[in-house]
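These notes concern the structure reproduced below.
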Amino acid sequence: MSLKKAIGIIVLVLLIDQISKIYIKTNFAIGDKIIVFDWFEILFVENRGMAWGVELPGSYGKLFLTLFRLFAITAIGYWLYDSVKKHSSRILIIAVSLIFAGALGNIIDSVFYGVIFNGSEGQIASFLPEEGGYAPVFYGRVVDMLHFPLIDTTWPEWMPWLGGDRLTFFDPVFNIADSAITVGVALLIIFNKKAFPKKKKEENKEVVEETVMVAPKE
Numbered sequence: 091m092s093l094k095k096a097i098g099i100i101v102l103v104l105l106i107d108q109i110s111k112i113y114i115k116t117n118f119a120i121g122d123k124i125i126v127f128d129w130f131e132i133l134f135v136e137n138r139g140m141a142w143g144v145e146l147p148g149s150y151g152k153l154f155l156t157l158f159r160l161f162a163i164t165a166i167g168y169w170l171y172d173s174v175k176k177h178s179s180r181i182l183i184i185a186v187s188l189i190f191a192g193a194l195g196n197i198i199d200s201v202f203y204g205v206i207f208n209g210s211e212g213q214i215a216s217f218l219p220e221e222g223g224y225a226p227v228f229y230g231r232v233v234d235m236l237h238f239p240l241i242d243t244t245w246p247e248w249m250p251w252l253g254g255d256r257l258t259f260f261d262p263v264f265n266i267a268d269s270a271i272t273v274g275v276a277l278l279i280i281f282n283k284k285a286f287p288k289k290k291k292e293e294n295k296e297v298v299e300e301t302v303m304v305a306p307k308e
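Sequential numbering of the sequence shown, starting at 91, is according to this note's numbering.
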């Protein structure tokens, strides 16, 4: 698979990701939602830290995390270039392209969104507001909007301690970039033998493990 095709995958994912995020950011306030189906809704939230809303403590936690992600994506980019150069399997190049595109999509939010948008709390944000953005460079928040509340009910009253409490399944809200990362990692796991021929399997094992660790979004 050629480098040109890999770049095509990356550009396509980035376009869909960023267009969807900019649309949500400029048309929704935080917490606004549109119910598409009982099991799927568009819900605007912003992620201030890592996956699952975890934040690094201290005023420099966010900066450290963003810089680490920039370093990680550089390594993933080199892996992709090297894979193409060595004519690695098609499935490997597609998977790494998706992971790279997803990671880059979320890094764009973290690096630039605080500068080019104002806040979305209680209002619809503006693009390039005159008064400036809501945060400095590297301190932006990732825009999430895809929510699949597959189960949203209550525990039976007869359940000890939990009876009557709310029961939900699959609460995370995510975006197109997260989906690309997830699909890329899943391809590497499911098609491991095709992605890594036997003679290269040991050579790439450590790289895959490191990618899984850095893949979660900002």
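Even glycine gets a Cβ: it sits at the ideal position worked out from N, Cα and C.
In DSSP terms, what residue i is bridged to
| i | result |
| --- | --- |
| residue 233 | 136 |
| residue 257 | 243 |
| residue 131 | 125, 237 |
| residue 207 | 217 |
C-alpha gap between residue i and residue j, whole angstroms
| i | j | result |
| --- | --- | --- |
| residue 136 | residue 227 | 16 Å |
| residue 106 | residue 248 | 46 Å |
| residue 118 | residue 182 | 37 Å |
| residue 175 | residue 281 | 21 Å |
| residue 93 | residue 258 | 43 Å |
DSSP three-state assignment for residue i, whether helix, strand or coil
| i | result |
| --- | --- |
| residue 35 | This structure leaves residue 35 out entirely; the chain is present only between 91 and 308. |
| residue 123 | strand |
| residue 263 | strand |
| residue 142 | Residue confidence for residue 142 is low, a pLDDT of 47 falling below 50, so the modelled location carries little weight and cannot support an answer. |
| residue 202 | helix |
| residue 217 | strand |
| residue 227 | coil |
Beta-carbon proximity list for residue i, same chain, < 6 Å, skipping 5 on both sides
| i | result |
| --- | --- |
| residue 192 | 267, 270, 271 |
| residue 125 | 131 |
| residue 273 | 188 |
Candidates the options, of which the one nearest residue i by Cα
| i | options | result |
| --- | --- | --- |
| residue 214 | 106, 103, 112, 102 | 112 |
| residue 161 | 188, 172, 194, 181 | 194 |
| residue 158 | 275, 179, 200, 186 | 200 |
| residue 221 | 206, 243, 178 | 206 |
Residue i at chain B interface by Cβ criterion, 9 Å
| i | result |
| --- | --- |
| residue 159 | Of the protein chains in this structure there is only one, and it is not chain B. |
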